[in-house]
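Numbering (the numbering used here), first residue to last: 105 to 320.
All C-beta atoms in this analysis are idealised placements derived from N, C-alpha and C, irrespective of residue type, glycine included.
What follows is a set of notes on a single structure, which appears directly below.
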DNA sequence: ACCCAGGGTCATA
DNA sequence: TATGACCATGGG
């Protein structure tokens with residue numbers, strides 16, 4: 105159980121993160137799309153603009169002019185394509201009877217449905233599954249790849265689906281709370297420590313890590 | 001000035 | 001299957 109021991113170390117150091125920071129499942133979904141390759145601090149500004157316009161609902165977003173929607177999204181970058189992605193997601197969300205319609209689907213079916221939306225790839229889909237629909241799905245991101253490769257636990261060549269099943273197989277008997285916290289802890293740890301190599305000395309994972317302070 | 005952020009799509013070989 | 005171009009703002 106190497107994965108769980110990493111989890112324990114991270115949890116001991118950083119504590120519970122209580123993700124996803126949002127007031128509703130729909131806000132989680134919007135945030136998941138807006139944070140694609142984008143710093144969360146920028147997403148907060150865009151979300152704040154949408155809320156200030158009173159537009160944080162699928163119907164309202166859908167009937168908003170592209171120029172207006174894009175102007176709200178401007179701080180989060182890629183505002184033109186994200187405006188299109190947000191609308192196509194809202195159209196899909198309404199067609200499937202919103203949260204109450206979708207929540208009845210089995211996790212893998214729901215994942216297929218999410219992936220059928222233009223602009224939603226595997227990571228965004230899994231963010232939504234885990235943090236909006238409370239499903240036991242492990243989210244893989246660039247941090248997860250980097251950290252667990254440095255630790256010497258995973259192979260560099262594994263693609264998204266193989267990595268996800270590796271994590272889910274080893275953690276299948278754990279509670280969903282672990283899935284929720286684990287991904288959040290990986291992100292927090294990567295932002296606070298792993299970026300600065302000198303901090304390897306004080307890293308809570310140094311006893312397992314094989315990077316030896318070198319950039320990998 | 002340069003690098004990258006809680007990615008995804010599309011065209012090309 | 002596997003690269004590369006493209007999308008774009010803001011903080012370090």
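Contact between residue 191 and residue 137 is ruled out by a C-beta separation of about 10 angstroms, above the 8 angstroms threshold.
Between residue 133 and the set 109, 238, 247, 242, the nearest pair of CA atoms involves 238. Considering only 311, 304, 312, the residue with the shortest C-alpha distance to residue 318 is 304. Apart from the 5 residues on each side of it in sequence, residue 243 sits with its Cβ closer than 7 angstroms to the Cβ of 227, 230, 231, 234, 287 in its chain, given in chain order. No Cβ-Cβ contact shorter than 8 angstroms links residue 130 with residue 179. Spanning the alpha carbons of residue 171 and residue 182 requires a straight line of approximately 13 angstroms.
Under a 10 Å Cβ-count criterion, residue 236 is classified as buried, with 16 or more other Cβ atoms of the shown protein chains found around its own Cβ.
Excluding its 5 nearest sequence neighbours in each direction, residue 116 has C-beta neighbours in its own chain below 8 angstroms: 308, listed in chain order. Minimum Cα-Cα distance from residue 221 among the listed residues 202, 197, 204, 212 corresponds to 197. Counting along the chain, the unbroken alpha helix (DSSP H) around residue 285 starts and ends at 280-293. Runs of the alpha helix (DSSP H) lying entirely within the stretch 149-223 and spanning at least 4 residues, in chain order: 162-166, 170-177, 183-199, 202-206, 211-219. Here residue 206 is buried, its C-beta having at least 16 other C-beta atoms within 10 Å. With fewer than 16 neighbouring CB atoms inside 10 Å of its own CB, residue 276 falls in the exposed class. Each residue's CA atom was taken as its position, placing residue 297 and residue 314 some 15 angstroms apart. Annotation for residue 277: no alpha helix (DSSP H) segment contains it, and DSSP assigns it neither H nor E.
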